[in-house]
Each structure stands twice: as structure tokens, then as C-alpha cells.
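Down below is the structure, laid out as C-alpha cells.
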Amino acid sequence: MVNQNEVITNEGGSVHTGVQEGESFIEIKNLAKTYKRDEVETVAIEDFSLDIKKGELISVVGPSGCGKTTILRMIAGLLEPTAGTITIAGRPCKEPGPDRGMVFQDFALLPWRSVIKNVELGLEIAGVPKEERRERAEKYLEIVGLEKFKDSRINELSGGMKQRVGIARALVNKPDVILMDEPFGALDAQTRNIMQAGLVKILDKTDQTIVFITHSVDEAVFLSDRIVILTKRPASIREIIEIPWPRPRDRASPEFTALRKRILEELERENVLE
Amino acid sequence: MTFRYDDNNKYHRFGRYALVTAMSLVAFVLVWWVVSIIADTNVLPTPLETVNALVDFFEDGYLGNSAWDYIWSSLKLFIQGFLLAMVLAVPLGLVLGFSKTLNTFVTPVIEVLRPIAPMAWAPVFIYGISYGTGPILVVFIGIFFPLLTNIIFGVKKIDPTLIDAARTLGANKLQLFTKVMAPSAVPYVMNGIKVGLGVGWMCIVAAEMYSPMSLGVGYCISNMCMSGLWPSTFAMLIVIAVLGILTTTTAEYLQKYISKRMGVE
Ligand SMILES: Nc1ncnc2c1ncn2[C@@H]1O[C@H](COP(=O)(O)OP(=O)(O)O)[C@@H](O)[C@H]1O
Ligand SMILES: [Mg+2]
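These protein sequences, in sequence, are chains A and B.
Terminal number for the first sequence in this note's numbering: 274, no gaps in between.
Terminal number for the second sequence in this note's numbering: 265, no gaps in between.
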């Protein structure tokens, strides 16, 4: 269980969980999900097991519609598994909670709040006093490079800026893990690259554990410590690839292009195989 | 120096708007004037006679009461009906927006009652309940239904990913309501208020005509009419129009302002 004192001193990640960097941290065992509506059953996930290590960025790639969002929503506690268990540092995660932050493809920012008030939302919910809230939110707006826009309204921002607010909103609560569901999927290619580089910088600063869902293999190779390649629906793990290279990575390097090509081929086979 | 209209200049845009609006009003008065001279009947006074009657009404009052007595009397009924509608429609709309079962249960009743013209209720409420509260209830009915349907719609329109986002930030049920659902619904509540005020103001004037107890502008105009005071009658029409325009433009301005503040266009 979470100890009150330790939560307060929680600085720079999940100190309170007692799990060391690189140790297995989120344990997903035999996860399954079947959607049922009227007489139609859709088996989205079948027998999915994965250990996520503390401090790593693990990305999940797979054909569209294979069940990536379903997995992430179950980790977030927004969706109940049909079978299997998910634990974070030993605690089962059945309900959503501030220990698991989420970044949404369509940003999910509250349009009636200013930028900084959006970032403060989680702290406000947790009952953090006003001044501390401000201070912490300002710090994270600085990390994502939006300190000048703290009083702007959401609909004045570009897509890339909106997602930076979404990332700051998740980071500021110092969650054990941040779950990102195709966070840059709604952005144009150039903004996407800028955001990826920005995320790499944030990783340097925070040691944040991140589960990153994407359908862009390029993005996965650029960012990840490990890549989980899913089979087509019902999703299970086809292969896990470790990428020990330091970041930032050079997209033009031969090993980068070779790995990207290999994963693409693998995904293609997954799509063709019947 | 020649003047060139520039659509990107807000002063030019406003000037144009003001000029065209003024021309529209002048044209209206002119047509009225011509028609009143051609028609040559007591029933249709000229604009000048009407303005004189209007000035008299505000200076001398009517039947021993001042103009402001009549106006305030109507406004009082209007405000009471409006508040009653707010107090009932806001919580009911929120509940019906959230609960599918309750919504299914109540919808048939609403759909039967809603198309009944508010004025059809006037004799029922005024003769059946009381001269005093009857007109208030008529206004209430006029405002209640547009308000209710807008609020239900607003709650249903809440973006489910905003709810997900707040839940992943640890929000409990109450926090979900105060931090996401209620603010999301505010622009729709405002829209309901805007529509409701327009309908409500039409109701009040007509409802007062039924009620021998009321002392508002509706009573005033029907009395003037029956006494053959046509210029005064037309002056009252102007008073009623101006009050109606004031309430709806205020509501419209508020609605636009709040929607913009809330990030909903
Ligand atoms: N609420 C739901 N009800 C029924 N089927 C669903 C629901 N959500 C997702 N699905 C189905 O489950 C499968 C996986 O969906 P999803 O996890 O969103 O895939 P991905 O994120 O990989 O594109 C899809 O076939 C989708 O149609
Ligand atoms: Mg998805």
C-alpha cells in the first residue's frame, strides 16, 4: 500500500513504490478482453502478459484495430478486463487513479480552463494548496516549453502545443507511469518530429516510465527502450524488441533504418497472414 | 481625401452596422407614417402621436399608477417565473441528462406537455389556480421547456474523453461533476435561458390580459385598447417591444460571452 509520508516526498517518479529503476514494475498477466454487444462478441485481447520495467519507455505497435487502446484503457483502470490481472508495484489497478497518468490522442483538455489551470487539474483534485499547485504547474509548463502561454486559452493553441499541455498535465502529478495513446497521431509530420524530440528531452529530465502506443514504427524506433509488436486481433504479443541505443537517435543511421524496415516487414506479415 | 470602407477595420464595420440599422428604423417609421395618413383611422396613430402618448405615459402614468409601476409589476412576474423555471429545470435537466432510465421514463411526459402552447395554460392557471400566481406559472411554462431540453442536450454532449481524463487524474464522482460535467453544461444552460427568456416575455404580456389582478404592461395595454386610447396603446407596444429586446439581447450577450469564456463557440 501507499505510505502517506512517502507520497509527499515523491520527487521525480515513483519513489514511494520502492521499485528500483529497471526492475519489473507493472505486471500484466494473462490479460483478456472480450467486448459484448447484443449478440456480437469481439475478442479484442487474448492471453496478453507483459512486464514493464521502471523508468523505461515501452511502445506498443500493431495493426490498427488490433486492441492497443483496449490494453491501455485496462492499465488505466478505465476498462475492466474479462480475465487476467494488472498490478503496479504489487498493487492491483482496478480503478483509475493519479498513479497512472494518461495522454490522449485528441488531447482531452478542458476548453474552459486556461493552460495552467489545465495542468493544475490533477493537483486540484488531489487537494494540493493553491500556491504549490501554481508553482508545480509552472515548472512543468517550463519543461514542455509553454511557460509563456500559461494564461492562454486552449483554443488559441496549435495541436502540438495542446499536446504539450496534455503531457505537462500528466507529468505534474508525478505518476508511476504515463500511458500515451497515439499522442502525436493527430499532428502533422513535422510537428510530430518536434514533439518526439521534445519527449526525448523530457525523458532525460524525469526518468518517467511511459507506455507509448503508436502505429508509427518510425516513432517507436526513435523513442523506445523496448518495442512490443502485437499480432492482429485478438491481440497478443508477437515479438518484443530491445533497443539499447542511447537517445537522441539518428533516423538516418543504418541500424535505425534497418530496424525500422525489419519491424515494418513483420507487421506486414501479421496483416497478410490469415 | 476620400473615404474607403475597410471591412477589416472594426470602427468601419460598426459604422456600417449602425448606419444600416438606423436606415432600417427610419424606413420603418416612414412607412408607418405614410400608412397611418393614408388609412386615416383612429386605430392607427401616426408615429408623432404615438411618441407624444409615450412621453405622456412616462410623465403622467395611467389610471393613477406610474409607468414604472406597470413595468415593474410585469418584470416581477417575469423574474419569479424565470427563477422557478431555473430552480426546477437545472437539477431536473442534469439528472435526466445523466440517468438513461429516468430519461426514458420522463421523456414521453415531456413530449406530450412540451408542444402545448404556453398560452393555452393561461386560463387554466389563472382561473384554476389563482390570479396572482397564474401568470407566473404561464411564464414558468414558457421558460421551463426550452431550458430543460437544452440542459439535457448539454449533459449528453459532454465529451466522454474529458470524463476519462479527469478520472485518470483521480477525480471522484463529485469532482467529475463539479470540474467537468457542470462546466461543460453551462453554455447549454445559457442557450436554454436565452431561448426561454424570449418565450417567457411573450407569455407574460398575454397572461396578464387574463388576470384581473395583475397590474402589468399586458393589463395596461388591454385597458387602453378597450378605452379607445389608440396612441397610448401603440406607445405601450413600443414599451413592450423595448423590454423584450432588452431581455433577449442581454441573455444573448451573456450566452455568447460565457460560451466564449468556456471555450465553446
Ligand atoms: N466499446 C467497444 N465495444 C465493442 N467493440 C469494441 C469497443 N471498443 C473497441 N472495440 C473493438 O475492439 C477492437 C480493438 O479496438 P482498439 O483497442 O480500439 O484497437 P486499436 O487501438 O489497436 O486500434 C476493434 O475491433 C474494435 O472495433
Ligand atoms: Mg486505438
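Yeah, the Cβ is synthetic: ideal placement off N, Cα and C, and Gly gets one too.
Environment of residue i [buried if 16+ CB atoms lie within 10 Å]
i, result
"Leu-288(B)", "What is shown of chain B runs 1 to 265, which leaves residue 288(B) out entirely."
"Val-55(B)", "exposed"
"Gly-13(A)", "Reliability fails at Gly-13(A), whose pLDDT of 42 lies under 50, so the model's placement of it is uncertain and the value that follows must be treated cautiously. Per the 10 Å Cβ criterion, buried."
"Gly-65(A)", "exposed"
"Tyr-253(B)", "exposed"
"Gln-4(A)", "For Gln-4(A), the predicted model reports a pLDDT of 38, less than 50, meaning its position is unreliable and no value from the coordinates is stated."
"Val-2(A)", "Confidence in Val-2(A) is poor, its pLDDT being 40 and thus under 50, which makes the residue's placement too unreliable to answer from."
"Thr-231(A)", "buried"
"Phe-144(B)", "buried"
"Lys-100(B)", "exposed"
"Arg-251(A)", "exposed"
"Asp-60(B)", "exposed"
"Thr-70(A)", "buried"
"Ser-227(B)", "exposed"
"Gly-22(A)", "exposed"
"Arg-133(A)", "buried"
"Thr-41(B)", "exposed"
"Val-40(A)", "exposed"
"Ser-158(A)", "exposed"
"Lys-173(B)", "exposed"
"Thr-9(A)", "Confidence in Thr-9(A) is poor, its pLDDT being 34 and thus under 50, which makes the residue's placement too unreliable to answer from."
Nearest to residue i (by Cα), restricted to the options the options
i, options, result
"Ala-206(B)", "Leu-229(B), Pro-187(B) and Leu-237(B)", "Leu-237(B)"
"Val-221(A)", "Arg-192(A), Ala-186(A) and Ile-263(A)", "Ile-263(A)"
"Ala-76(A)", "Lys-94(A), Gly-62(A) and Ser-224(A)", "Lys-94(A)"
"Glu-49(B)", "Thr-248(B), Met-213(B), Gly-15(B) and Leu-229(B)", "Leu-229(B)"
"Ile-240(A)", "Val-228(A), Pro-234(A), Arg-73(A) and Asp-250(A)", "Val-228(A)"
"Arg-261(B)", "Leu-176(B), Ser-184(B) and Lys-156(B)", "Ser-184(B)"
"Arg-233(A)", "Leu-267(A), Ser-158(A) and Asp-151(A)", "Leu-267(A)"
"Ile-116(A)", "Asn-155(A), Val-165(A), Arg-91(A) and Asp-207(A)", "Val-165(A)"
"Ser-24(A)", "Lys-139(A), Asp-51(A), Asp-38(A) and Leu-57(A)", "Asp-51(A)"
"Leu-284(B)", "Gly-93(B), Gly-196(B) and Pro-160(B)", "Within the shown structure, residues of chain B are numbered from 1 to 265, placing residue 284(B) beyond reach of any answer."
"Phe-184(A)", "Asp-106(A), Lys-54(A) and Thr-42(A)", "Asp-106(A)"
"Met-181(B)", "Leu-197(B), Lys-157(B), Val-124(B) and Tyr-127(B)", "Lys-157(B)"
"Glu-219(A)", "Phe-149(A), Ala-189(A) and Ile-154(A)", "Ala-189(A)"
is_contact[residue i, chain A] using C-beta, thresh 9 Å
i, result
"Val-180(B)", "yes"
"Leu-162(B)", "yes"
"Pro-91(B)", "no"
"Glu-252(B)", "no"
"Ala-166(B)", "yes"
"Val-189(B)", "no"
"Ser-184(B)", "yes"
"Leu-169(B)", "yes"
"Asp-159(B)", "yes"
"Arg-4(B)", "no"
"Gly-301(B)", "Here chain B has residues from 1 to 265 only, and residue 301(B) is not among them."
Bridge-paired residues (DSSP) for residue i
i, result
"Asp-181(A)", "Ile-213(A)"
"Arg-153(A)", "Ser-114(A)"
"Arg-167(B)", "Per DSSP, none; premise fails for Arg-167(B)."
"Pro-92(A)", "Thr-87(A)"
"Ser-64(A)", "Its beta-bridge partners do not exist; DSSP assigns none."
"Ile-28(A)", "Leu-50(A) and Ile-86(A)"
"Lys-36(A)", "Glu-41(A)"
Assigned secondary structure, residue i (DSSP; H/G/I helix, E/B strand, else coil)
i, result
"Phe-78(B)", "helix"
"Asn-42(B)", "coil"
"Asp-47(A)", "strand"
"Arg-233(A)", "coil"
"Asn-65(B)", "strand"
"Ile-52(A)", "strand"
"Arg-249(A)", "coil"
"Arg-136(A)", "helix"
"Glu-41(A)", "strand"
"Gly-12(A)", "Because Gly-12(A) carries a pLDDT of 42, less than 50, the predicted location of this residue cannot be relied on, and the following value inherits that uncertainty. It is coil, neither helix nor strand."
"Ala-53(B)", "helix"
"Ile-238(B)", "helix"
"Glu-21(A)", "coil"
"Val-103(A)", "strand"
"Leu-123(A)", "helix"
Minimum Cβ-Cβ distance from residue i to chain B less than 9 Å
i, result
"Glu-124(A)", "yes"
"Asn-173(A)", "yes"
"Ile-154(A)", "yes"
"Ser-14(A)", "Residue confidence for Ser-14(A) is low, a pLDDT of 44 falling below 50, so the modelled location carries little weight; the figure read from the coordinates is stated next. So no, Ser-14(A) is outside the interface."
"Phe-104(A)", "yes"
"Arg-136(A)", "no"
"Leu-179(A)", "yes"
"Leu-78(A)", "yes"
"Arg-100(A)", "yes"
Near ligand 4: residue i beta-carbon under 8 Å from a heavy atom
i, result
"Ile-213(A)", "Summarising the ligand content, the structure contains ligand 1 and ligand 2 and does not contain ligand 4."
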